[in-house]
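Engineer: Listed in order, the protein sequences are those of chains A and B.
So the first sequence is numbered by my numbering: it starts at 51 and just counts up by one.
So the second sequence is numbered by my numbering: it starts at 66 and just counts up by one.
Glycine included, C-beta positions come from ideal geometry on N, C-alpha and C.
Just so it is clear, the structure is predicted and the values come from calculations on it, not from any experiment.
This is the structure, below, for whatever I ask next.
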Amino acid sequence: MPLLTKVRQLPVNRWIDLALFLFLLTFPIWQNTYWVYIMSGIMAYMIFALSLDLLWGYTGLMSMGHSVLFGAGGYMIGIASAWANQADWIKFDQLPWFLAILSQPLGAFLAALFLPGLIALFIGLFMFSGKIRGVFFSLITLALAGISELFVINQSRYTHGDSGITVTSRTLFSNSDSQRLTDQQFYFVVLAFLLGSYLLCLWLVNTRTGKVLQGIRENESRLTYLGYKPAAFKLFIFMLSGMMAGLAGMLFVRVQGSINHSAIGINLATLVLVWVAVGGRGNLTGALIGTLLLQFSETKLNSVFSGISADFAQYWKLVLGLLLLLIVFVIPKGLIGVLLEQQQSRQGRDRKAAIMRKEVHSHDANP
Amino acid sequence: MSPSMLLQLLVSGLASSFVLLLTSLGLVIILGYMKVVNLAHTEMLMSGAFICYYVYQAAGLPFIVALLVAFAVSFLFGALVERLIICHFYGKMSETLLATYALSILLKQAALLLLGKNYKKVDYPVKTVFQWGPVYLESYKLVVAGLAILSLLLTLLFIYKTKTGRMIRAAMQNRSMTESLGINTKKIDTITFAYGMGLAGLAGAIIAPLSTVTYTLGESWLTNTFMNVVMGGVSSLFGTFASSVLIQESVSVISGLSNSVTAQIIVLLVVIVVVRLKPDGLFTAKERR
């Protein structure tokens, strides 16, 4: 009986998560390879959105340059793969010392995880002192995204500049061309990572650490009075979120088969904000659903409209802008946030009704 | 690096610091007096540049008319935006950022779809090039420096010497007290935001001859202006001025040694460190609550 009540009181978004993962699990069965490929990319983006939700939705740190960490992960794989296969634009005989780790297959994987973590560590060490206001964090990360995009274009020796890097190895660790999983196989690799990241997030936000993080979002100074050090928690979550973003970038590059400067710049940084804002922040589901809805409809509409107008992508951005404005005005909590709010108010009403009933009964019993 | 080259770099760095001051002024005012981060700021620069192109280059009216039109149009647009959008989100940081970002997408995409992808060039209103020994400077850059200082002075005059300016400062310091004195703070908010947007439009028009006018013009200013605001702080306009000079001089000199992107990265890293040491910006007013 308690289990049953617990299940009934489970927030509605966990059911949506369950449905979503069942949908993703069965997706390759009834869809063709093209959509499996598209969906793998969307799932990598979902990991990215989850990482931002941890940072923004739970801790209240609005990173406007999260793509820097995504792109850093992606470029590690890109450079490693270009080196392993000796792409024709490579002009150097030896990887420089700071990239030497990329010559090992596992090294590239680790670099893609830990370089974003290190970047986050550097920014976090300086940004998360008590005195700096939250909005400065957003502005600094925004500036960082802008500069990183210029940086990767500028460092064409390693990043192939404007044209980006083609990555043909679709495996977990190896960077050589010869080993290549099929679209379907790699779909399940990405799905496994998505499920893992989701469970990690779900576990984390329900631990004490997660509660402290939400405390930082709600009232940082009170948390300080209670003896916590918010700066340490912020640094931890920023690094973790950065590593998740790096993982997402790594998977995305392997799915997509290429990486260029758009994966590191302001465009993607703000796009992921839009996904999380539309889906709703601070409940994990919103990040997943927002990403799925927007990216899926973009791809779908693109295939419909590309014949009519070559400028589809531009009109789509216009639609995104309008949608964002609409969401901020009408449902600032996002789609899933609204569902959760409704459920909570319904549960509150039920509880109230139950109490009222009890009182009436007890009144009848002993007049 | 030879001394004459260093001198040239310093001079051009100083010239660009006035450009940066001009482009950041509106942003600083809106952030400092209203605690609103206006992400649409740089797209307003872009709109101002387009207004300059159409009024000055295409219609052939005097340059000063173009500047005034750019200011007036941006001011009115700013007032409209404040009334329709911004006024609903005071005190909500994330929502403000999202709303102003949405606005910036709308402006940018509207410019792209209505005005096209073509680059437009605005001629220099004054064309001579000065030369002192080894140092060259286009005279228009002097004009820009003059206009930047003029804008700064007029803004200071507006905020510190006029009645409206006094109300703006009062509303920032103690809103409810200001209201109980019978001042319509909503109107003050509208004026402040509109003035900041107006300055952005004006700055866009002024820098139009220095840059290629296209829909991505705003994007290229995003990093620099926001970095400048972070470094200079929002409590004093002189802080903005000082950080403009510091940022552009360092970028200019370092780019002489390597290239401009490396210079920007180094400066950004320095800004991150500086912000840790001086969280309120380089030059903070002494008496802050």
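So what does DSSP say about B/Arg354, is it helix, strand or coil?
Structural biologist: Residue placement at B/Arg354 is flagged as unreliable, the pLDDT there being 41, under the threshold of 50; the coordinate-derived value follows with that caveat. Three-state result, B/Arg354: coil.
Engineer: To the nearest angstrom, report how far apart B/Tyr205 and B/Leu267 are at their CA atoms.
Structural biologist: Distance between the alpha carbons of B/Tyr205 and B/Leu267: 16 Å.
Engineer: Whole angstroms is fine: what's the gap from B/Val120's alpha carbon to B/Leu180's?
Structural biologist: The straight-line gap from Cα to Cα measures roughly 14 Å.
Engineer: Can we say the region 190-208 of chain B touches the region 69-89 of chain B, given the rule of at least three CB pairs closer than 8 Å?
Structural biologist: As far as the Cβ criterion goes, the region 190-208 of chain B touches the region 69-89 of chain B, which means the pair count is three or higher.
Engineer: I want to see whether chain A comes within less than 8 Å of B/Val318, judged by CB atoms only; does it?
Structural biologist: Closer than 8 Å: no.
Engineer: Is there a Cβ from chain B that is less than 8 Å from the Cβ of A/Gln364?
Structural biologist: Answer yes: the Cβ-Cβ gap between A/Gln364 and chain B drops below 8 Å somewhere.
Engineer: Which of the three DSSP states is assigned to B/Lys185 in this structure?
Structural biologist: In the structure shown, B/Lys185 sits in a strand (DSSP, three-state: E or B).
Engineer: Given a limit of 7 Å on CB to CB distance, which residues of the region 183-199 of chain A reach chain B?
Structural biologist: Here the close residues are Gly184, Val185, Phe186, Ser188, Leu189, Ile190, Leu192, Ala193, Leu194, Gly196 and Ile197.
Engineer: With a threshold of 16 other CB atoms inside 10 Å of the CB of A/Tyr108, please say whether the residue is buried or exposed.
Structural biologist: Per the 10 Å Cβ criterion, buried.
Engineer: Buried or exposed, going by whether 16 or more other CB atoms sit within 10 Å of the CB of B/Asp254?
Structural biologist: Burial call: buried.
Engineer: Taking 8 Å as the threshold (beta carbon to beta carbon), is A/Lys141 in contact with chain B?
Structural biologist: Cβ-Cβ to chain B under 8 Å: no for A/Lys141.
Engineer: Name the residue from A/Glu348, A/Val328 and A/Ser90 whose alpha carbon lies nearest to the alpha carbon of A/Ile339.
Structural biologist: Measuring from the Cα of A/Ile339, the nearest candidate turns out to be A/Val328.
Engineer: Hey, is B/Arg341's beta-carbon within less than 8 Å of any beta-carbon in chain A?
Structural biologist: Yes, B/Arg341 lies at the interface with chain A (some Cβ there is under 8 Å from its Cβ).
Engineer: Assuming A/Trp65 is part of the beta strand (DSSP E), what are its boundary residues?
Structural biologist: Per DSSP, A/Trp65 belongs to no beta strand (DSSP E); it is in the alpha helix (DSSP H), Val62 to Trp80.
Engineer: Jot down the residue ranges of each uninterrupted alpha helix (DSSP H) in the region 190-253 of chain A, minimum 4 residues, whole runs only, in chain order.
Structural biologist: Listed in chain order, the complete alpha helix (DSSP H) runs (minimum 4 residues) inside the region 190-253 of chain A are 206-209.
Engineer: With 16 as the cutoff for other CB atoms within 10 Å, does A/Asn269 come out buried or exposed?
Structural biologist: It counts as exposed.
Engineer: Please compile the residues from chain B whose C-beta is within a distance smaller than 7 Å of the C-beta of A/Tyr367.
Structural biologist: In the sequence as displayed, the identity of residue 367 of chain A is Lys instead of Tyr. What A/Lys367 touches in chain B: Ile170 and Gln174.
Engineer: Compare the C-alpha of B/Thr428 against each of B/Leu85, B/Leu162 and B/Pro127 and name the closest.
Structural biologist: Here chain B covers residues 66 to 354 and nothing more, so residue 428 of chain B does not appear.
Engineer: Which chain B residues sit within Cβ distance under 8 Å of A/Ile316?
Structural biologist: Simply Glu284 and Leu287.
Engineer: Given a threshold of 16 other Cβ atoms within 10 Å of its Cβ, counted over all protein chains shown, does A/Arg399 qualify as buried or as exposed?
Structural biologist: By the 10 Å Cβ count, A/Arg399 comes out exposed.
Engineer: Taking Cβ positions, are B/Gly283 and B/Lys173 nearer each other than 8 Å?
Structural biologist: A contact, by the Cβ cut-off of 8 Å.
Engineer: Of all Cβ atoms in chain D, is any one closer than 8 Å to the Cβ of A/Gly115?
Structural biologist: In the displayed structure, chain D is absent; the protein chains listed are A and B.
Engineer: Compute the Euclidean distance between the alpha carbons of B/Met292 and B/Ile312, then round it to the nearest angstrom.
Structural biologist: Their Cα atoms are separated by approximately 9 Å.
Engineer: Along the chain, where does the beta strand (DSSP E) containing B/Phe195 start, and where does it finish?
Structural biologist: Element bounds for B/Phe195: Val194 to Trp197.
Engineer: So what's B/Val102 in DSSP terms, helix, strand or just coil?
Structural biologist: In this structure, B/Val102 counts as coil in the three-state DSSP scheme.
Engineer: Against chain B, does A/Asn310 count as a neighbour if the rule is that its beta carbon must be under 8 Å from one of theirs?
Structural biologist: False, the Cβ-Cβ gap to chain B never drops below 8 Å.
Engineer: With 7 Å as the C-beta to C-beta threshold (strictly closer), list the residues of the region 264-290 of chain A near chain B in chain order.
Structural biologist: Per Cβ criterion, the list is empty.
Engineer: By alpha-carbon positions, which one of B/Val316, B/Thr257, B/Leu217 and B/Val332 ends up nearest to B/Leu87?
Structural biologist: Closest by alpha carbon: B/Leu217.
Engineer: Tell me which residues of the region 71-103 of chain A have at least one Cβ-Cβ distance to chain B shorter than 8 Å, keeping chain order.
Structural biologist: Within the region 71-103 of chain A, no residue qualifies.
Engineer: Since I believe B/Gly156 is in contact with B/Gly261 (beta carbons under 8 Å), could you give me their beta-carbon distance rounded to a whole number of angstroms?
Structural biologist: Not a contact, Cβ separation roughly 18 Å.
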